[in-house]
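See below for the structure under consideration.
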């Protein structure tokens with residue numbers, strides 16, 4: 261009986277390790293399409309208020325680019341953390357852009373209830389393709405890419421981020 265319990269415990273532990281490894285592998289960002297990273301700076305996005313967000317105007321500055329949607333609970337949960345980072349680090353030259361992989365109406369309604377201090381671009385479903393080219397192989401949300409002053413990606417994260425994580429990345433970027 262004791263042998264069977266030990267065997268089941270061992271099989272269970274092995275299954276847990278295999279599951280954790282598979283999850284890590286699926287959620288790890290893939291390679292960045294260098295052309296997509298370079299082309300990002302020529303893109304523009306309609307903003308919820310009707311203006312245009314020109315990415316070219318942000319080139320040469322460190323940037324946090326966050327892909328999110330109103331229907332994504334982890335996205336909604338992390339937005340106040342990202343907004344806090346924007347408030348605290350913009351003096352140091354950091355910029356933040358949120359690209360909503362969503363329709364204009366839900367984004368406008370969301371922003372009326374929860375205003376954000378950083379620019380939002382309406383990326384729609386094309387935002388998923390862009391995020392995939394930037395390393396989001398799962399095409400899931402939220403997805404965050406941190407770019408250095410040279411316009412190249414420094415950090416990427418699939419899943420919810422935090423103020424502390426963003427601040428750590430910013431400090432390590434110098």
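In our numbering, the protein residues as written are 261 to 434.
Backbone N, C-alpha and C define an ideal beta-carbon position, used for all residues, glycine too.
Nearest candidate by alpha-carbon position, reference residue i, set the options
i: residue 415; options: 433, 337 and 398; result: 433
i: residue 390; options: 320, 326 and 319; result: 326
i: residue 409; options: 330, 317 and 304; result: 317
i: residue 374; options: 338, 363 and 403; result: 338
i: residue 364; options: 342, 351, 328 and 315; result: 328
Simplified DSSP state of residue i, which is helix, strand or coil
i: residue 422; result: coil
i: residue 429; result: helix
i: residue 357; result: strand
i: residue 404; result: strand
i: residue 306; result: strand
i: residue 341; result: helix
i: residue 394; result: coil
i: residue 349; result: helix
i: residue 328; result: strand
i: residue 385; result: coil
i: residue 377; result: coil
i: residue 413; result: strand
i: residue 434; result: coil
Presumed contact (8 Å Cβ cut-off) between residue i and residue j, rounded CB distance
i: residue 383; j: residue 401; result: 11 Å between Cβ atoms; not a contact.
i: residue 385; j: residue 398; result: With a Cβ gap of about 15 Å, residue 385 and residue 398 do not count as contacting.
i: residue 324; j: residue 301; result: About 15 Å separates the two Cβ atoms, so there is no contact after all.
Beta-carbon proximity of residue i to residue j, cut-off 9 Å
i: residue 336; j: residue 346; result: no
i: residue 334; j: residue 420; result: yes
i: residue 379; j: residue 313; result: yes
i: residue 322; j: residue 405; result: no
i: residue 381; j: residue 306; result: yes
i: residue 296; j: residue 349; result: no
i: residue 366; j: residue 388; result: no
i: residue 411; j: residue 320; result: yes
Burial state of residue i (16 or more Cβ within 10 Å)
i: residue 298; result: exposed
i: residue 294; result: exposed
i: residue 435; result: The shown model of the chain, from 261 to 434, leaves out residue 435, and the question about it has no answer.
i: residue 308; result: buried
i: residue 340; result: exposed
i: residue 395; result: buried
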